[in-house]
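Presented below is the structure to which this report refers.
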Amino acid sequence: MAQAAPAPGGMPRPGRTAPIERRTSGVPVRPPDVFDARTHRIGHIAVPVVLGLVYGYWVAANARQGGPITGGNLLLGWLSALVFAVVCIALLTLAPRMLREVHALLWTAFVGIAFGFLYIQTPHSVWRSVIMSLLVAACTFAAFFYRYYTREDAFGRRVR
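Numbering (our numbering), first residue to last: 672 to 831.
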């Protein structure tokens, strides 16, 4: 015999509203937090460090342009990784406390400068690097401003 599959979330208990009713009641439903606070603290540091290492390797690879690996090339990669990770951690810590416009501008500046520095390591001209960096920064500002404008109030507090 065929049996009906159980509904997600199980049967509603007496005195408790069903999941669909809670979603339509106007009160935002927060997604479940899978990780504990310790995991979030570790991730707050580990993710920028890993991204910084990838960025530093990419800068060093672009700077050597297929040539041999040198000490200066390694130093450039490690310093780029360090600066990228430190600035990223600082932005993750300080930017959410800013107004949404400033929040978007800070991330825009970070992405634009990081991309511009990465692009200038290639054999392209300075003008092309500047134009490409400005285009990437403009797209980043549009995306981040839209995201923060739709999810934060004027004081930077999350609405949802």
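Every residue, glycine too, gets a C-beta built ideally from N, C-alpha and C.
- Cα atoms of Val801 and Arg709: separation of roughly 41 Å, rounded to the nearest angstrom.
- The beta carbon of Ile760 sits closer than 7 Å to the beta carbons of Ile716, Pro719 from its chain, once the five residues preceding and following it are set aside; these are given in chain order.
- In this structure, DSSP gives Pro739 a state outside helix and strand, which the three-state scheme calls coil.
- Secondary structure note for Ala766: it is in no alpha helix (DSSP H), with a DSSP letter that is neither H nor E.
- Just so you know, the alpha carbons of Leu722 and Pro739 end up roughly 24 Å apart.
- Looking at the backbone, the Cα of Arg799 and that of Gly787 are separated by about 10 Å.
- When DSSP states are grouped into helix, strand and coil, Thr821 belongs to the helix group.
- Within the same chain, and ignoring the five residues on either side of Phe815 in sequence, the residues whose Cβ sits closer than 8 Å to its Cβ are His774, Ala775, Trp778, Thr779.
- Judged by DSSP in its simplified three-state form, His711 adopts helix.
- DSSP places Phe706 in the coil class of the three-state scheme, outside both helix and strand.
- Annotation for Thr793: no alpha helix (DSSP H) segment contains it, and DSSP assigns it neither H nor E.
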